[in-house]
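Take the sequence shown: its position 277, counting from 1, is numbered 277 in full-length UniProt numbering, and each next residue is one higher. From the three backbone atoms N, C-alpha and C, an ideal C-beta is built for every residue, glycine too.
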Amino acid sequence: MYRYGLSKSCPDLTSKVRNPLFQRINWARNLSTTKASQVEKKPAYESRTTLTETILPSHTDDRGFAYGGQILSWIDIAAGIAAKRHASVFSVTRSMDSVHFLHPVSQGDILILNASVNKAWNTSMEVGVRVETEDLVTGKKTHCCYAYLTFVALNPETGKTTTVPKVIPETESEKQRYEHAEERRQRRLSRFQPKDNEEKREIMSSLAKEEWKNEDLLIQAPETKGCVCSKPNVFTASKTIQDSYSEVVELVLPQDANTLQITFGGKIMQWIEYCAIISASRHSRSYLITASVDTLQFYNPTYVGDIITIRSFVSGVFKSSLEVSVVVEAESPLDSKKRILTNDAYVTIVSVDKANYPYGGLPVLTPRNEMEERYIAKSAERRANRLHERSLISSKSH
């Protein structure tokens, strides 16, 4: 204990331990190192990071396919390490572009994630991540997905944004990624302002109130015989948004956050996909595989001790796929009445049969009012944009 600067005569040791003593020491050590080694430019290769993971049973569903949320969490970790290596200070996830899973990842596979900083601006960086799977028996490698994430560098002493070194691209591929990064950044900035957040949150709020009323009815009628369930029969030909409504509540623990106690972006992504899968299951009652996650913005940070509420519902049904709308809100345990929006997302999930072929027998999604009808109608446009993006990515990967 003395090596951390505590003397034998240190009074009131208990009060010292209550404070984030070790955190302050780590910050100071990092800050002094950063000041001494800060440079204006860095070669792109200095941020290269390779993360290798074995797909274990705990990472997969009951059929042995890895959860998309788990892969997104690893993507965020790999990208975060690359950003830290480039900036030499703490960096947090600001956004993630759409991710399309082109190939399923199975239990026993090796997942290889290669990340590097493509370009840096004033306080932000774009990090590109390429994900591949490797078959342990044959050695065959298959491309799984690409991801582009934006990270913002934070001063460890003040917690405010700080400048980062510029990127020096050297190889042809680095130069290409560097040039395209600016185009992607402009697209991100143009769509930063959420267009349908208020409408989506209003629908979520009404669904939550209806769900609570249903639960109250069940509690007030315990004498009802047989199976009492607020969800409809699984064989119905049509279902409503209410039928797929799901809510997940998580408490941000220390292992879910970085040294600044800010929640890892990948952990939020993991919770988003988990809630979306539940909604898709309630609507389809079939086997499911996550196909894509649309652009994800982090509007507000969350911290250790915050209560995270994830709500979702099926907002579009197509031939064999479902679009799930997700809203993430946070509340402080000291002020549970105030909830802030942290994320909203769209997750596309494909329904498959036992042989993993697309299953087309999905119930029709029926709106109950004008707001739901208007919201569901927009899903066709969002789907067209996804299919266009996916076709472009698929052509580049071959």
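Could you check the C-alpha separation between residue i and residue j for me, to the nearest Å?
| i | j | result |
| --- | --- | --- |
| A115 | K239 | 42 Å |
| S98 | R382 | 12 Å |
| V127 | S58 | 28 Å |
| Y178 | L362 | 43 Å |
| S394 | S106 | 20 Å |
| Y148 | S281 | 29 Å |
| F313 | V117 | 35 Å |
| L253 | E172 | 42 Å |
| A208 | S246 | 9 Å |
| T50 | V364 | 43 Å |
| S244 | S279 | 5 Å |
| L6 | T259 | Low confidence applies here, because L6 scores a pLDDT of 38, under 50, leaving its location unreliable and the question unanswered by this model. |
| R311 | K41 | 42 Å |
| R29 | P358 | Note on R29: pLDDT 48, under 50, position unreliable in the model; the coordinate value appears next. C-alpha separation (whole angstroms): 54 Å. |
| E46 | E53 | 22 Å |
| A201 | E329 | According to the sequence shown, residue 201 is Arg rather than Ala. Computed Cα separation, rounded: 10 Å. |
| A276 | Y375 | 17 Å |
| D335 | T309 | 14 Å |
| V152 | N356 | 40 Å |
| K84 | A377 | 42 Å |
| I272 | Q297 | 12 Å |
| L251 | S73 | 17 Å |
| L189 | L392 | 21 Å |
| E211 | S379 | 24 Å |
| R48 | S284 | 41 Å |
| S124 | I262 | 17 Å |
| R191 | K396 | 24 Å |
| T180 | K337 | It is worth fixing the name first, because residue 180 is His in this sequence and not Thr. Rounded to whole angstroms, H180 to K337 spans 43 Å at the Cα level. |
Rank the options by C-alpha distance to the C-alpha of residue i and give the top, closest one.
| i | options | result |
| --- | --- | --- |
| Q242 | K213, L260, A257 | K213 |
| A291 | K41, H59, A66, T138 | A66 |
| N385 | D294, S351, T50 | D294 |
| I77 | Y357, K338, Q270 | Q270 |
| V350 | S391, T263, A79, E323 | E323 |
| V249 | Q297, A79, E174, R339 | R339 |
| D256 | V92, E183, K396, K175 | V92 |
| K267 | D335, G80, T142 | G80 |
| W121 | I110, K396, Q297, E182 | E182 |
| N369 | S332, S206, L251, S336 | S206 |
| G316 | T263, E373, E331 | E373 |
| Y303 | R285, R85, P333, C145 | P333 |
| Q176 | G360, K140, A44 | A44 |
| V129 | A82, G139, D109 | A82 |
| residue 406 | R191, P301, S88 | There is simply no residue 406 to check, as the chain begins at 1 and stops at 398 in what is shown. |
| A237 | R185, T366, D62, C145 | T366 |
| G64 | K337, H180, F318, I289 | I289 |
| Y146 | F318, L111, A87 | L111 |
| S88 | D62, D109, V39 | V39 |
| residue 401 | M204, Q186, I203, F318 | The requested residue 401 is not part of the displayed model; the chain covers only 1 to 398. |
| K141 | L154, Q186, D109, T158 | D109 |
| H86 | G139, T138, L154 | L154 |
How far does the beta strand (DSSP E) with residue i in it reach, from first residue to last?
| i | result |
| --- | --- |
| Y148 | 141 to 154 |
| A115 | 110 to 120 |
| R130 | 124 to 134 |
| I168 | 166 to 168 |
| E53 | 49 to 54 |
| K41 | 41 to 43 |
Where do the N-terminal and C-terminal ends of the alpha helix (DSSP H) with residue i fall, by residue?
| i | result |
| --- | --- |
| G68 | 68 to 87 |
| R184 | 172 to 190 |
| R94 | Unbroken run through R94 is the beta strand (DSSP E), 90 to 96; no alpha helix (DSSP H). |
| E372 | 370 to 377 |
Hey, residue i and residue j: beta-carbon distance below 8 Å or not?
| i | j | result |
| --- | --- | --- |
| L136 | I75 | no |
| F90 | P169 | no |
| V352 | Y299 | no |
| V167 | K119 | yes |
| D306 | V327 | no |
| H103 | T133 | yes |
| T161 | S95 | no |
| V131 | I71 | yes |
| R390 | H100 | yes |
| L387 | N197 | no |
| Y346 | G69 | no |
| G360 | S325 | no |
| E199 | M371 | yes |
Of all the CB atoms in chain D, is at least one closer than 8 Å to the CB of residue i?
| i | result |
| --- | --- |
| Y245 | As a matter of chain content, chain D is missing from the structure shown, which is built from one protein chain. |
At which residue ranges does the UniProt domain "HotDog ACOT-type" (242 to 355) contain complete beta strand (DSSP E) runs of 3 or more residues, listed in the order of the chain?
-> Qualifying beta strand (DSSP E) stretches, in chain order: 246 to 251, 287 to 293, 307 to 317, 321 to 332, 335 to 352.
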